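All you need for my numbering is the position in the sequence shown, starting with 1, plus 16.
Data first, discussion second: the structure below is written as structure tokens.
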Amino acid sequence: MELAHYNHSFSLRNKMARLIWNIVRLLFFRLFVSRLFKKWRILVLKCFGAKLAWSSHIYASVQIWAPWNLEVGKNSSLGPKVDCYNQGKVSIGANTIISQKSYLCASTHDYTKKDFPLILKPITIGNGVWIAADAFIGPGVYIHNNVIVAARSVVTKNVDKNTIVGGNPAQLIKSRSFE
Numbered sequence: 017m018e019l020a021h022y023n024h025s026f027s028l029r030n031k032m033a034r035l036i037w038n039i040v041r042l043l044f045f046r047l048f049v050s051r052l053f054k055k056w057r058i059l060v061l062k063c064f065g066a067k068l069a070w071s072s073h074i075y076a077s078v079q080i081w082a083p084w085n086l087e088v089g090k091n092s093s094l095g096p097k098v099d100c101y102n103q104g105k106v107s108i109g110a111n112t113i114i115s116q117k118s119y120l121c122a123s124t125h126d127y128t129k130k131d132f133p134l135i136l137k138p139i140t141i142g143n144g145v146w147i148a149a150d151a152f153i154g155p156g157v158y159i160h161n162n163v164i165v166a167a168r169s170v171v172t173k174n175v176d177k178n179t180i181v182g183g184n185p186a187q188l189i190k191s192r193s194f195e
């Protein structure tokens with residue numbers, strides 16, 4: 017590898033938006049911890065291009081790399097200390113819970129090339145999904161509707177609907193059925 021001239025390909029505009037977002041995040045997002053400020057946090061994120069339902073819940077301790085690459089459906093939640101490293105797009109459906117300390121990573125690098133270029137790979141998480149605590153969701157993963165990802169799992173491949181997966185790497189535990 018030759019990283020002396022690494023180019024992440026982000027424009028000056030993107031860099032400035034990130035700088036402004038980080039300042040605003042520290043002053044007008046993270047400090048507003050109480051549940052009373054739920055809609056305020058959504059407003060701040062919407063001002064930066066996030067597509068959020070007003071009924072979604074984003075905790076103040078959530079780390080969001082680029083709000084403009086985030087979409088969250090109705091009644092969905094990003095729990096405490098979730099790290100949404102969304103250089104690529106992250107789309108989350110309705111009625112979905114991303115539990116505390118989970119990590120969503122929507123980019124990777126092409127390790128077959130000497131300059132190690134950044135590759136943006138969107139993450140899509142369907143409706144009625146529960147990503148349990150401290151799970152890792154990797155680049156380019158599509159998690160279909162009604163899935164449960166067990167705590168501390170590492171998901172690097174797509175997950176079929178109505179399933180429960182867990183482990184490192186995540187594997188099928190069983191089908192998910194409803195009463």
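Built from N, CA and C at the ideal position, the CB exists for glycine as well.
As the structure is a prediction and not an experimental result, all values here were calculated from the model.
Open item on the list: Taking 6 Å as the limit between beta carbons, can you name the residues of its chain near residue 24, skipping five residues before and five after?
Closed with: 134
Task: Beta-carbon spacing of residue 88, residue 72 below 8 Å - done: yes
TODO: Name, in chain order, the residues that DSSP records as bridge partners for residue 171.
DONE: 153
- [ ] Taking the CB atoms as reference points, tell me whether residue 102 and residue 120 lie closer together than 8 Å.
- [x] yes
Open item on the list: According to DSSP, residue 181 sits in a beta bridge with which residue or residues?
Closed with: 165, 188
Open item on the list: Residues in the same chain with beta-carbon distance under 6 Å from residue 163, minus the five sequence neighbours each way, listed in chain order, please.
Closed with: 145, 175, 179
TODO: With a 10 Å radius around its C-beta and 16 neighbouring C-beta atoms as the bar for buried, classify residue 81 as buried or exposed.
DONE: buried
TODO: Could you tell me which uninterrupted beta strand (DSSP E) segments, each at least 3 residues in length, are contained entirely in the segment 23–109, listed from first to last along the chain?
DONE: 86–88, 99–101, 106–108
Open item on the list: Closer than 8 Å is the cut-off here; do at least three beta carbon pairs connect the segment 142–161 with the segment 104–112?
Closed with: yes
TODO: Drop a sphere of 10 angstroms on the beta-carbon of residue 123, count the other beta-carbons inside from all chains shown, and report buried for 16 or more, exposed for fewer.
DONE: buried
Open item on the list: Beta-carbon within less than 6 Å of residue 116's beta-carbon, same chain only, minus the 5 sequence neighbours each way: which residues are those?
Closed with: 95, 96, 97, 149
Open item on the list: Considering only their Cβ atoms, is the gap separating residue 65 from residue 84 smaller than 8 Å?
Closed with: yes
TODO: Return helix, strand or coil for residue 119, following the three-state DSSP convention.
DONE: strand
Task: Buried versus exposed call for residue 112 [16 or more other C-beta atoms within 10 Å across all chains shown] - done: buried
TODO: Closer than 8 Å by C-beta to residue 171: which residues in its own chain qualify, once you throw out the five before and the five after it? Chain order, please.
DONE: 151, 152, 153, 154, 157, 159, 165, 181, 185, 186
Task: Beta-carbon contacts of residue 62 that lie in its chain and below 7 Å, excluding the five residues immediately before and after - done: 68
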